[in-house]
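So the sequence shown is numbered by our numbering: it starts at 3 and just counts up by one.
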Amino acid sequence: MTGDSRLHVVMVDEELPYPPTSGKRIRTLNLARRLARRHHITYVCHRNADAQEARQAAIYLAEQGIAPVVVDHTVPGKSGPGFYFRLAANLVSSLPFSVATHMSAAMKKALSELAATQPIDLWHCEWTPYAHALRHLHGRPRLIMAHNLESMIWQRYYQTEQNPFKRWYIKQQWQKFQCFERRVFAEANQVVTVSDQDAERVTTDFHGARPEVVENGVDTTFFRPMGEEREPSHILFLGSLDWRPNLDAVNLLLNDIFPAVRAAEPTAHLSLVGRHPPDWLAQDIQGRPGVSLHGDVTDVRPFLARCGQLAVPLRIGGGSRLKILEALACETPVVSTRIGAEGLHLENARHLDVVERVEDMASALLRCIRNPAAAQAQARLGRRLVLDRYDWDMLADKLEQIWLSCAQMSRISKLDSEIRSSRFKVDTPSTMEFRI
3 MTGDSRLHVV MVDEELPYPP TSGKRIRTLN LARRLARRHH ITYVCHRNAD AQEARQAAIY
63 LAEQGIAPVV VDHTVPGKSG PGFYFRLAAN LVSSLPFSVA THMSAAMKKA LSELAATQPI
123 DLWHCEWTPY AHALRHLHGR PRLIMAHNLE SMIWQRYYQT EQNPFKRWYI KQQWQKFQCF
183 ERRVFAEANQ VVTVSDQDAE RVTTDFHGAR PEVVENGVDT TFFRPMGEER EPSHILFLGS
243 LDWRPNLDAV NLLLNDIFPA VRAAEPTAHL SLVGRHPPDW LAQDIQGRPG VSLHGDVTDV
303 RPFLARCGQL AVPLRIGGGS RLKILEALAC ETPVVSTRIG AEGLHLENAR HLDVVERVED
363 MASALLRCIR NPAAAQAQAR LGRRLVLDRY DWDMLADKLE QIWLSCAQMS RISKLDSEIR
423 SSRFKVDTPS TMEFRI
C-alpha cells in the first residue's frame, strides 16, 4: 500500500457494468466511479455479450478513471442444445452451474499476469461466483461483495417451483451453492453484504465472522420528484427482464394480480419496464388489455414520475431492491411483498405498503389506486428516509473504509511475518550447524 493511502484495487466481475441497466450494474458503477477518484481501480472481467455495448462500456469506465481489462471470453448463453448439455454435465460437478459456466482459462491467466506484474493492495470480487477465480492468488487480501446470498435465492427457487424434475435439479444447485459460499466466505479476508439480514445469515448459516454491510443506494440528485401529475390507476413494474426472480414476478402480475385489479378498476393499466425482455413475454402480452411492455428504455424516470405506484410482487430474491429506493427518491408510492422489501430500513404503512403474501398484492394496489393522497404521503416520507440513509456518496465512503482496513490489516500481517522470519534466522544458526 502506498504511503498516501491510495490503493490499487482489482475488481473482478462477469462483465463491464455499463450501461447501468440492472440493479447489480447500478450499484457497482455508482460505488466504483466514486472510489476511482481516490484510488486506482483495475476492472477485470469477461467480454460483454453485446460487442457494441462492450466498446462503449470500456470507453466510459476509462473516462471515469477505471482501467478496464477485458478478457477475451464470452460466457455461454442460456439457450439452445449447448445450454441443456451444460446443465446435464453440471450434475457431476461439485461447483454450482453459475460458477462452472463463468470459469475460463483466459480469466485465470489475466489475473495471474496482473499479480506478477503490478503492485496490488486488494482483490475485490464483485460477484460471489467469481471468488473461485481468485483462489490461486495469494499474498494480498481478498474481499467478496455479496450482492445476494446465492444459496438463499436457489432455496426460494426450490420452494416456488412446481415441476418435480426442475425442483429436483434446483435443489442440487441450492445445496452446491451452500457448500460453495461456505468455502469462499471462509477463505476471504472480508465479506461485504448489502443488508443486515444477509450479514446475519452469513454468520448463522455459514458460521463465519459477521460481514461488513454496505447497503444499496440511489443517486438522489438524478432520481427526484419531477412535478408531473400522477395517474393513480397506472401500475409500474420495473426490473431486469432477463432475471428469473423478476420474470416470476411478472408472471404473477400478468396471470393473477393485474387481472384481479382490472376486474375491480377497469381503467387500470400496467407498464412492464426493463432490459432484455424475452421474446415470449412480448408475445404473451399481445391481446392482454391494459398491459404494455417497454424494453431497454434509456431513462426510467418518466415512468416513475407518471405512474400511481410501483408494484414489487417478488417471492424470490436476496439482497435488497434498488428500484424501491429509486421509486421513493422520486416520491413514487410503492406496494411490495415482504421479500421484495427485505433488506431495506423501511416501515410498512409509513414509507410503503408491504404485504406478506403475493395473494394480497391486488387488494393493496387497489387501496393505493383508490386513495392516492395517502399513498403519496407515504412516498414523501420514504424520500426523506432515502435522503438520510441511502445516498451513494455516504455508501462509497463506507466501502472505502473497508478497503483501507482490509489492506492495512494485510500490510500489518506481512510485516509481522517478516519480523518473525528474521527472528527465526537469527535465533537458529547454532541449531542448523549442529544438524549439519
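For each residue, glycine too, the CB sits at the ideal point set by N, CA and C.
Taking all protein chains shown into account, do 16 or more other C-beta atoms lie within 10 angstroms of the C-beta of residue 23, making it buried, or fewer, making it exposed? So residue 23 ends up on the buried side.
Do you know how far the Cα of residue 336 is from the Cα of residue 330? The alpha-carbon separation between residue 330 and residue 336 amounts to approximately 7 Å.
Might you give, ordered along the chain, the residues of its own chain that have their beta carbon closer than 6 Å to the beta carbon of residue 250, omitting 5 neighbours on each side? Correct list, in chain order: 318.
Boundaries of the beta strand (DSSP E) in which residue 192 is found, first to last residue: 192-195
Helix or strand or just coil, what does DSSP make of residue 50? coil
Can you tell me whether DSSP reads residue 332 as helix, strand or coil? Note: residue 332 maps to coil in three-state DSSP.
Ignore the nearest five residues each way along the sequence and tell me which others in residue 114's own chain have a CB closer than 8 Å to its CB. 138, 139
Closest Cα partner of residue 211 within the set 222, 128, 186: Checked all of 222, 128, 186; the closest Cα to residue 211 is 186.
Over what stretch of residues does the beta strand (DSSP E) that includes residue 13 continue unbroken? 10-15
For residue 89 and residue 99, I'd like the C-alpha separation in whole angstroms. Per the coordinates, the alpha-carbon of residue 89 lies some 7 Å from the alpha-carbon of residue 99.
Tell me whether the segment 103-123 and the segment 195-214 touch, counting them as touching only if at least three CB pairs, one residue from each stretch, are closer than 8 Å. No: fewer than three Cβ pairs fall under 8 Å.
Which residue from 284, 144, 197, 34 puts its Cα closest to that of residue 343? 197
When DSSP labels each residue in this structure, what does residue 417 get in the three-state scheme? With a pLDDT of 48 at residue 417, under the threshold of 50, the modelled position of this residue cannot be trusted, and the question is left open.
To the nearest angstrom, how far is it from the Cα of residue 2 to the Cα of residue 320? Residue 2 is absent from the structure shown; the chain starts at 3 and stops at 438.
Endpoints, the beta strand (DSSP E) within which residue 245 is located: Unbroken run through residue 245: none, as it is neither H nor E.
If you run the structure through DSSP and keep just helix, strand and coil, what is residue 237? strand
Nearest-angstrom Cα distance between residue 7 and residue 142? When only Cα atoms are considered, residue 7 and residue 142 end up about 16 Å apart.
Quickly, what does DSSP pair residue 350 with across the bridge? List them, please. The bridge partners DSSP lists for residue 350 are 354.
Please name the residue or residues paired with residue 126 in a DSSP beta bridge. 13, 145
Where the alpha helix (DSSP H) containing residue 84 begins and where it ends: 82-91
Since residue 157 is in the alpha helix (DSSP H), which residue starts that stretch and which ends it? 152-162
Per DSSP, what are the beta-bridge partners of residue 209 in this structure? DSSP lists no partner for residue 209.
Which stretch, first to last residue, makes up the beta strand (DSSP E) that contains residue 273? 271-276
Let me check understanding here. Comparing Cα to Cα, which of 266, 86, 101 lies closest to residue 134? 101
Local Cβ density within 10 Å of residue 225, reported as buried at 16 or more and exposed below that: Under this definition residue 225 is a buried residue.
Are at least three pairs of beta-carbons, each pair with one atom in the segment 188-202 and one in the segment 214-222, less than 8 Å apart? yes
Return the CA-CA distance between residue 154 and residue 96, expressed in angstroms with no decimal places. 18 Å
Which residues DSSP lists as bridging residue 393, in chain order: 220
Distance, Cα to Cα, residue 200 vs residue 346? For residue 200 and residue 346, the gap between their C-alpha atoms comes out near 11 Å.
Unbroken beta strand (DSSP E) run spanning residue 311, endpoints: 309-314
If I measure Cβ to Cβ from residue 417 and keep anything under 6 Å in the same chain, skipping five residues before and after, which residues do I get? With a pLDDT of 48 at residue 417, under the threshold of 50, the modelled position of this residue cannot be trusted, and the question is left open.
Kindly list the residues whose CB is nearer than 7 Å to the CB of residue 415, restricted to its own chain and excluding five residues on each side of it in sequence; keep chain order. Caution applies to residue 415, whose pLDDT of 49 falls short of 50 and renders its modelled position unreliable; the model cannot decide the point.
Would residue 222 and residue 355 be called neighbours here (beta carbons separated by less than 9 Å)? no
Should residue 237 be labelled buried (16 or more other beta-carbon atoms within 10 Å of its own) or exposed? buried
Beta carbon of residue 38, beta carbon of residue 49: below 9 Å? No; because the gap between Cβ atoms is not below 9 Å, this pair is not in contact.
Is the CB-CB distance between residue 377 and residue 227 below 9 Å? Using a Cβ distance threshold of 9 Å, residue 377 and residue 227 do not count as a contacting pair.
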